[in-house]
Structures are given as structure tokens and as C-alpha cells.
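Each residue of the sequence shown is one higher than the one before, starting from 5 at the first, in my numbering.
Glycine included, each C-beta is placed from N, C-alpha and C at the ideal position.
This one's a predicted model, so the numbers in the text were calculated from it and none came from an experiment.
Note sheet for the following structure.
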Amino acid sequence: MSPARRRTLALGLGVAAPTLALALGWLLADLRERSMLAEQRHDELVQAAELLRAAARESLEELRRREDARPFEHYGRFYRPPEVLALGEAVALSPLAGAPDDPRISAYFQLDPDGRVRTPYATEPGGSPRAVAVEATVAGPEFAPLRALSFGSGAVAGDQSLTVALNDMGNAAYRDLADARRGDALAAERTQKVRLPQTSRNLVTWDTIQSQQAQSATPPQQASAEPVFEAIQQQRVVGPQGHVPSDGSQGPLPKEHALEDIPQEAGPSLDYSPMAYLRLGEAVVLQRVVSHAGAGSVQGAVLDRGRLAGEWLTALVARHALPEATPTIAATSATGACALARPVHDEVLPDLAFCFPAPPLPPGGSLVLQLGVLLGLGGVVAAAIVALARAARRSDELSAQKTAFVSAVSHELRTPLTTLRMHAEMLQEGLVAPERLPVFYDDLAHESVRLSRLVENVLAVAQLEEGRRVLQLRPGDLAAQIRDIVDDQARHVERRGFPPVELALPDEPVTVRSDPQAVEQILVNLLDNALKYAADARAAGLRVELAVVADQAVLRVQDRGPGIPEADRDRVFDRFYRVARERDAHTPGTGLGLALVRELARGHGGDAVAAARPGGGAELQVRFPLASAAVRPT
Ligand code: ADP
Numbered sequence: 005m006s007p008a009r010r011r012t013l014a015l016g017l018g019v020a021a022p023t024l025a026l027a028l029g030w031l032l033a034d035l036r037e038r039s040m041l042a043e044q045r046h047d048e049l050v051q052a053a054e055l056l057r058a059a060a061r062e063s064l065e066e067l068r069r070r071e072d073a074r075p076f077e078h079y080g081r082f083y084r085p086p087e088v089l090a091l092g093e094a095v096a097l098s099p100l101a102g103a104p105d106d107p108r109i110s111a112y113f114q115l116d117p118d119g120r121v122r123t124p125y126a127t128e129p130g131g132s133p134r135a136v137a138v139e140a141t142v143a144g145p146e147f148a149p150l151r152a153l154s155f156g157s158g159a160v161a162g163d164q165s166l167t168v169a170l171n172d173m174g175n176a177a178y179r180d181l182a183d184a185r186r187g188d189a190l191a192a193e194r195t196q197k198v199r200l201p202q203t204s205r206n207l208v209t210w211d212t213i214q215s216q217q218a219q220s221a222t223p224p225q226q227a228s229a230e231p232v233f234e235a236i237q238q239q240r241v242v243g244p245q246g247h248v249p250s251d252g253s254q255g256p257l258p259k260e261h262a263l264e265d266i267p268q269e270a271g272p273s274l275d276y277s278p279m280a281y282l283r284l285g286e287a288v289v290l291q292r293v294v295s296h297a298g299a300g301s302v303q304g305a306v307l308d309r310g311r312l313a314g315e316w317l318t319a320l321v322a323r324h325a326l327p328e329a330t331p332t333i334a335a336t337s338a339t340g341a342c343a344l345a346r347p348v349h350d351e352v353l354p355d356l357a358f359c360f361p362a363p364p365l366p367p368g369g370s371l372v373l374q375l376g377v378l379l380g381l382g383g384v385v386a387a388a389i390v391a392l393a394r395a396a397r398r399s400d401e402l403s404a405q406k407t408a409f410v411s412a413v414s415h416e417l418r419t420p421l422t423t424l425r426m427h428a429e430m431l432q433e434g435l436v437a438p439e440r441l442p443v444f445y446d447d448l449a450h451e452s453v454r455l456s457r458l459v460e461n462v463l464a465v466a467q468l469e470e471g472r473r474v475l476q477l478r479p480g481d482l483a484a485q486i487r488d489i490v491d492d493q494a495r496h497v498e499r500r501g502f503p504p505v506e507l508a509l510p511d512e513p514v515t516v517r518s519d520p521q522a523v524e525q526i527l528v529n530l531l532d533n534a535l536k537y538a539a540d541a542r543a544a545g546l547r548v549e550l551a552v553v554a555d556q557a558v559l560r561v562q563d564r565g566p567g568i569p570e571a572d573r574d575r576v577f578d579r580f581y582r583v584a585r586e587r588d589a590h591t592p593g594t595g596l597g598l599a600l601v602r603e604l605a606r607g608h609g610g611d612a613v614a615a616a617r618p619g620g621g622a623e624l625q626v627r628f629p630l631a632s633a634a635v636r637p638t
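Here you go:
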């Protein structure tokens with residue numbers, strides 16, 4: 005590599021490396037900042053999701069606690085608070101008899117040990133539409149595990165199955181009250197005597213209920229209930245353990261209805277498992293088992309899944325979501341598009357998830373912009389290095405060409421000068437035989453012509469380069485000019501051993517605006533080249549042709565020499581360029597002739613090109629615009 009190229013490359017790399025390093029550092033710092041920011045936003049999303057999940061958990065736990073505290077008796081159609089009956093009031097309908105006041109609950113139910121489904125809604129035989137719907141739901145196949153939880157004797161007999169007995173007593177009391185209203189004296193008397201047992205409540209674990217079931221004389225209704233017990237036991241939210249006295253009343257009564265005066269019968273104590281969520285396929289149920297003396301009823305509420313997933317979740321999100329992190333609700337199986345997804349509630353709604361969209365990051369375009377700038381910078385630097393390398397190579401080539409030119413010119417000058425000097429000295433000293441004199445004079449003339457052509461070419465190129473030469477374009481017949489020039493060169497051609505030039509000119513004058521001196525320089529240079537390079541094929545002679553093609557006059561100079569290789573056909577018009585060919589190694593030349601031809605042709609508004617002559621040899625074409633065509637100002 006030349007020192008110039010090395011310097012250029014070092015300069016390029018010296019500028020490029022720190023520039024790219026800076027740009028890369030900028031990009032990396034920005035990427036790091038963005039990734040930290042993204043991490044921070046992700047953490048914020050996780051917090052927002054946990055906040056919502058906690059709110060959902062708390063809301064469902066609050067519902068569970070409320071239902072857990074609900075007295076046993078509410079699940080029958082007829083409610084029998086002893087104090088109310090004792091006071092003779094006919095308030096006997098369960099508070100649950102209407103539509104549930106919590107929109108998340110669609111219906112309450114009770115499963116008796118005998119497999120009967122009870123609801124607080126049934127009044128008439130056959131049941132209300134709501135009761136029929138609940139019974140159908142609870143009797144459905146998905147609820148089989150729930151039905152398996154009730155146990156005990158199918159027969160209703162006194163304390164054997166208190167759950168049923170108490171409800172029936174409630175029914176009887178209500179019937180009596182109704183009959184008494186209708187004037188049935190016996191019923192009225194019975195009503196006065198009704199004293200329902202005061203139950204007490206034990207909140208117990210499943211172990212307790214199961215051991216009671218085992219002790220019971222009656223075998224479990226369904227052996228397959230065992231695994232279900234265990235499954236539920238694991239899910240169960242265990243409430244406060246132990247004995248919880250409860251009289252089933254709704255709170256302290258006003259003074260005038262004080263209960264102290266009402267004689268109470270000591271009632272049995274019931275065992276309750278804590279209310280817990282149970283998923284049965286698509287449905288969600290809140291349920292507990294109430295047991296006594298080897299019989300167990302299942303009580304609970306069927307949740308309205310549509311409302312849970314709809315209104316309740318919407319309200320929850322509206323109340324608890326952070327404005328900058330508001331999720332949508334999506335199926336857990338379809339959260340691919342979410343930046344973060346968390347199940348709404350692991351137990352009750354595991355199939356629904358809070359789906360958070362990607363949090364906004366600083367304008368996304370900036371990264372693209374930076375990458376673009378970096379790539380652009382890289383491109384510019386690469387292009388600059390390539391351009392510098394090319395310029396360095398070109399400058400190397402030019403300097404090599406100039407060196408070659410200097411040595412070629414010196415050589416070109418030395419040869420004719422030596423001939424001239426030697427011939428002149430020999431003539432001076434009278435050493436030339438008289439019969440050799442014509443040859444000597446001819447040589448002297450030939451060499452001085454060669455010398456002056458060389459000098460003319462060098463001067464012409466220098467003038468053109470410096471813009472000192474202005475072509476004097478005048479309209480004239482190009483054909484006539486060419487004929488004159490070829491005639492002038494006839495002797496020169498002949499001397500080189502070539503037959504006379506074959507001239508093919510149009511019959512009509514070809515008018516172009518031309519500088520006759522420049523035209524002569526063009527044609528003489530082309531003929532000189534043909535004589536030089538086609539010397540081995542001199543017998544085939546040279547041909548000069550002028551033709552009108554479209555709006556141009558095309559001058560062709562053809563020989564049968566080696567021709568110009570296709571790869572070099574354009575470059576031969578560069579200054580100092582010579583085709584690197586073994587056979588031309590000793591052919592004198594400076595690489596200026598064709599460069600001058602092209603520049604002069606362009607000065608006429610035309611151009612010069614090299615081609616292959618059909619049948620072998622070189623063809624050099626020079627085009628001149630016809631006088632009528634537009635001429636480029638010179
Ligand atoms: P030079 O002084 O070397 O002749 P030119 O500019 O006139 O310089 O020509 C450039 C190169 O083109 C020559 O060195 C030669 O290799 C090639 N060339 C020009 N004319 C011909 C031709 N008629 N036949 C073959 N090669 C040619």
C-alpha cells in the first residue's frame with residue numbers, strides 16, 4: 005500500500021472510530037436507560053396487579069364472611085325466630101325469600117340429607133320459577149360433588165335429622181299461624197304453645213363433621229364423597245374455630261319485645277363447617293355443611309358468574325385500578341397480547357385475568373431515530389473511507405501515470421532529437437554520400453514533424469486543462485476538411501509502408517461548426533495511432549469514413565491492427581492511460597493522444613468512442629453535431 009493510501013486510511017479510521025464509538029456509546033446508554041425504565045414500569049404494573057388482586061380477594065372474602073355469618077334457618081322458606089313467633093307476629097318468611105340483594109349471588113339453596121333441594125323461594129306446590137331454576141341447577145350433573153357432601157338418614161325423624169326437622173317445624177308453625185288467622189281456634193291454641201328449640205352454633209372443622217358422620221349409625225349416603233371432602237378441605241378458608249353461640253336472631257330487640265319473658269327450650273347444638281368457595285365446572289358456589297346427629301345438609305349460594313365477570317369486575321377495576329395502569333379483563337388462556345397478566349382470583353375466577361397493556365415508554369421513535377442516525381453515520385463514514393481510498397488510489401494512479409508520462413515524453417523527445425543532431429552533424433562534416441542525401445533530408449523532416457506533434461499535443465492538453473484554449477467554431481464542410489487532411493498525411497502514410505488511405509466520404513457536403521485546427525489534431529492523432537499500433541497489418545491499410553447518422557456527422561478511422569480490448573475502450577480516453585500490452589511495450593507514446601481527441605470532440609458538442617472494427621482491428625469514432633443541431637457552447 006502506498007504511503008498516500010496508508011495516510012488516507014489512517015485519517016479515515018482516525019475520524020471514523022471515535023465518531024462511531026461515540027454514537028455507539030450514546031445508543032447503548034439510551035438502550036440501558038430504556039431497559040431500566042421498562043423494568044421500572046413492569047414493577048409498577050406488578051404492583052398495580054397485586055393491588056387489584058388484593059381488592060378482588062378482599063371483596064370475595066367479605067362476601068364469604070357475610071354468608072358464613074348467615075343463620076341456619078334463613079335457608080328455609082319459613083323463618084322462625086322464636087321471639088317473633090312467641091310475640092304472635094306472623095313474620096315467618098325467610099329474609100332470603102326475595103331476590104338476593106347482592107348482585108353477585110343468583111340464588112340460595114339447601115341440600116337435605118335425603119337429597120332434596122330446598123330454596124327459600126318455594127311457596128306453592130311445584131315451586132316458584134326461581135325455585136324451579138335453582139333446583140334444576142343444583143340437581144345438574146356438575147353439582148354432583150356438592151350433592152355428595154350432604155349425608156345422613158334419608159328418613160326425617162326428630163333429632164335424627166335436625167336440619168330437616170327444624171324447617172318442617174317452621175312450616176308447621178307458619179301453617180298454624182295462617183290457620184289461626186282464618187279463625188281456626190285449635191290452630192290458634194297450637195300457635196300459642198309453639199316453642200321452637202333454641203339452637204346453638206359450633207363452627208367446626210371438616211374433621212369434626214367427618215368423624216360425626218363416621219360415628220353415625222347410618223352409613224354415608226355416598227362413599228364417593230370422601231375425595232370431595234378432602235378437596236374442599238384443602239381449598240377451604242377456615243374461619244374462627246370452636247364454639248360460637250348463636251341464637252339465630254337478628255340483633256337486640258327493642259325493650260317492649262324483650263325476650264327474657266319468653267320461655268326458651270334448650271335446643272340442640274349444630275355444627276357448621278365454614279362457608280367456602282367451590283368451583284364446579286363453570287359455576288362457582290359458596291357452600292357449607294351444617295350437621296347434627298349424623299346428618300348433614302349443604303347450604304349455600306350459587307354465584308352469578310356473568311355478573312362476577314362483568315359488573316363486579318368492571319366496578320372493581322374502576323375503583324381500584326391506577327389511572328396509568330388500567331387493565332382489561334381477558335381469558336387466562338388468551339393473554340398473549342398483554343404486557344402483564346395476572347389471574348383475577350386464584351380460587352374463584354382463575355380463568356379470567358387482569359390484562360395490562362404495555363405501559364407507554366418515552367417516544368418510541370427516538371430509538372429508531374438513533375439507530376437510523378447510527379446507521380447513517382456508519383454509512384457516511386464507510387462512504388467517506390471508500391471515497392478517500394478511491395481518491396488515494398486515483399492519486400496513486402495519476403502520479404504513476406505522470407511518472408510514466410515524464411519518462412515517455414523524455415524518451416519521445418530524445419529519439420527525434422538524437423536523430424536530428426546526428427544527421428545535422430553528419431551533414432555538417434560532409435559525411436553523407438550524395439545519393440543518401442534525400443533519405444537524410446526525409447528523416448530530418450519526419451523526426452521534426454514527430455517532435456512538433458508531440459510538443460503540440462502536450463501543449464494542447466495543457467491549454468485545455470487550464471482553460472486557455474477556446475475553439476473557434478465556424479460552419480464548414482467537414483468532408484472537405486477530412487479529404488485535405490488525409491491528402492496532407494499521404495506521404496507520411498506511405499513512408500510508414502501503408503497503402504494509400506481508403507477514404508469513404510459522402511457526396512454531399514457535411515456542414516458542421518468546427519475548428520479546423522482541432523479537426524486536424526483529431527484526425528492526425530487517430531491516423532498516427534493507426535500507423536503505430538497496426539504496423540504489423542499495414543498491408544490491410546487504413547480506412548477513413550465520414551457518414552451522417554441522424555443529426556450527427558460520424559468520423560470513423562479504422563485499421564486491422566490488434567484493436568483495443570473491450571475493458572480498455574473507455575479508459576484509453578483518460579490522460580496518460582496506455583493499454584498494458586506486451587506487443588506495445590516498445591511502441592512510443594505518451595497516453596495523451598486519445599484524451600486530446602475526446603476533449604476536442606466534446607469541445608465541438610460531440611464525443612469520441614472506441615469500438616471494434618467488424619472483421620478485426622480498431623475503430624475510433626468521433627461524432628460532430630451537424631450545424632443545424634444544437635451546439636454546446638465552448
Ligand atoms: P499513446 O500515446 O500511447 O498512443 P493514446 O492516447 O493515443 O496514447 O492512446 C491510448 C492507448 O490506446 C494506446 O496506448 C494504445 O494502447 C491504445 N490505442 C490507441 N489507438 C489504438 C489503435 N488504433 N489500435 C490499438 N490500440 C490503440
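(message) For the ligand ADP, I want to know if Ala-538 counts as a neighbour, meaning its beta carbon is within less than 7 Å of at least one of the ligand's heavy atoms.
(response) Yes; taking the cut-off as 7 Å, the Cβ of Ala-538 has a heavy atom of the ligand ADP nearer than that.
Item to complete: May I ask you to list the residues that DSSP assigns as paired with Ala-622?
Response: Answer by DSSP bridge pairing, in chain order: Ala-616.
Can Ile-568 be considered in contact with the ligand ADP, in the sense that its beta carbon sits closer than 7 Å to one or more heavy atoms? Indeed, a heavy atom of the ligand ADP lies less than 7 Å from the Cβ.
query: Considering only C-alpha positions, which residue in the set Gln-562, Arg-542, Thr-23, Leu-550 is nearest to Leu-530?
result: When each option's Cα is compared against that of Leu-530, the closest is Gln-562.
Tell me Tyr-276's beta-bridge partners as DSSP assigns them. For Tyr-276, the pairing in a beta bridge is given by DSSP as Leu-207, Val-294.
Specify the secondary structure class of Gln-556 as computed by DSSP and reduced to three states. In the structure shown, Gln-556 sits in a strand (DSSP, three-state: E or B).
Boundaries of the beta strand (DSSP E) in which Gln-1 is found, first to last residue | This structure gives no information on residue 1, because the portion of the chain shown stretches from 5 to 638.
* Asked: Quick one: does the C-beta of Leu-604 sit closer than 7 Å to a heavy atom of the ligand ADP?
  -> False, no ligand heavy atom lies under 7 Å from that Cβ.
For a test of your reading of the model: does the CB of Gly-593 fall under 7 Å from any non-hydrogen atom of the ligand ADP? Yes or no. True, at least one ligand heavy atom lies under 7 Å from that Cβ.
**Whole-angstrom distance between Arg-38 and Arg-69, CA atom to CA atom** = CA-CA distance, Arg-69 to Arg-38, rounds to 46 Å.
Please determine whether the Cβ atom of Asp-574 lies at a distance below 7 Å from any heavy atom of the ligand ADP.
Placement of the Cβ of Asp-574 at a distance of 7 Å or more from every heavy atom of the ligand ADP is found.
- prompt: Terminal residues of the continuous beta strand (DSSP E) containing His-590?
  reply: Note, His-590: premise wrong, no beta strand (DSSP E); not H, not E.
**Whole-angstrom distance between Gln-493 and Arg-499, CA atom to CA atom** = Whole-angstrom Cα-Cα distance: 10 Å.
State yes or no: is the C-beta of Arg-585 nearer than 7 Å to some heavy atom of the ligand ADP? Distances between the C-beta of Arg-585 and the heavy atoms of the ligand ADP include at least one below 7 Å.
The ligand ADP and Gly-501: does any heavy atom of the ligand fall closer than 7 Å to the residue's C-beta?
No; taking the cut-off as 7 Å, the Cβ of Gly-501 has no heavy atom of the ligand ADP nearer than that.
**Q.** Given 8 Å, three or more beta-carbon pairs between the segment 485-492 and the segment 439-452
**A.** Verdict: no, contact absent.
Quiz item: Is the segment 411-427 touching the segment 44-62 in the sense that three or more CB pairs, one from each, lie closer than 8 Å?
Solution: The segment 44-62 makes no contact with the segment 411-427: fewer than 3 CB pairs, one atom from each, lie closer than 8 Å.
Going by beta-carbon coordinates alone, are Leu-381 and Thr-23 separated by less than 8 Å? Cβ distance < 8 Å, so Leu-381 and Thr-23 count as in contact.
Worksheet entry | Beta-carbon contacts of Gly-619 that lie in its chain and below 7 Å, excluding the five residues immediately before and after | Within the same chain, no Cβ atom closer than 7 Å to the Cβ of Gly-619 is found once the five residues on either side in sequence are excluded.
*Would you check if there are 3 or more beta carbon pairs closer than 8 Å linking the segment 139-153 to the segment 275-294?*
Cβ pair count under 8 Å is three or more, so yes.
key: Top-ranked residue by Cα proximity to Gly-18, from Leu-392, Val-288, Val-302   = Cα-wise, what sits closest to Gly-18 is Leu-392.
Helix, strand or coil for Val-583 per DSSP? Here Val-583 sits in coil by DSSP.
Q) What do you reckon, are the CB atoms on Ile-213 and Val-136 nearer than 8 Å? A) No.
Which listed residue (Asp-34, Leu-630, Ala-152, Gly-304) has its alpha carbon closest to that of Gly-480:
Closest by alpha carbon: Leu-630.
Task: Identified DSSP bridge partners for Glu-549 - done: Answer by DSSP bridge pairing, in chain order: Ala-508, Arg-560.
Original post:
Taking Val-558 as the reference, which of Val-576, Arg-425, His-608 has the closest Cα?
Top reply: Ranking Val-576, Arg-425, His-608 by Cα distance to Val-558 puts His-608 first.
| query | Under 7 Å from any heavy atom of the ligand ADP, does the C-beta of Leu-26 make it? | reply | Relative to the non-hydrogen atoms of the ligand ADP, the Cβ of Leu-26 never comes closer than 7 Å to any of them.
I want to check one thing, is the minimum distance from the CB of Tyr-581 to the heavy atoms of the ligand ADP below 7 Å? Yes, the ligand ADP has a heavy atom inside 7 Å of this Cβ.
*asked:* Please list the terminal residues of the continuous beta strand (DSSP E) segment that includes Ser-110.
replied: 109-115 is the span of the beta strand (DSSP E), which, as asked, contains Ser-110.
Would you call the segment 350-359 and the segment 335-342 touching, i.e. three or more CB-CB distances under 8 Å? Between the segment 350-359 and the segment 335-342 there are three or more C-beta pairs closer than 8 Å, enough to call the two in contact.
Does the segment 466-476 touch the segment 506-515, meaning 3 or more C-beta pairs lie closer than 8 Å?
Result no; under three Cβ-Cβ pairs closer than 8 Å.
Helix, strand or coil: how does DSSP classify Thr-123 here? Coil.
message: Using DSSP's beta-bridge definition, name the partner residues of Phe-155.
response: Paired residues: Gly-300.
Q | Check: Gly-597 C-beta below 7 Å from any heavy atom of the ligand ADP | A | At least one heavy atom of the ligand ADP is found less than 7 Å from the C-beta of Gly-597.
Margin query: Assuming contact is defined by CB atoms lying nearer than 8 Å, are Arg-108 and Asp-308 in contact in what I supplied?
Written below: A contact, by the Cβ cut-off of 8 Å.
**Request:** Under 8 Å by Cβ, that's how I've got Ala-437 and Phe-580 pegged, so tell me the actual separation to the nearest angstrom.
**Result:** In fact, because the Cβ distance is near 43 Å, the residues do not count as touching under 8 Å.
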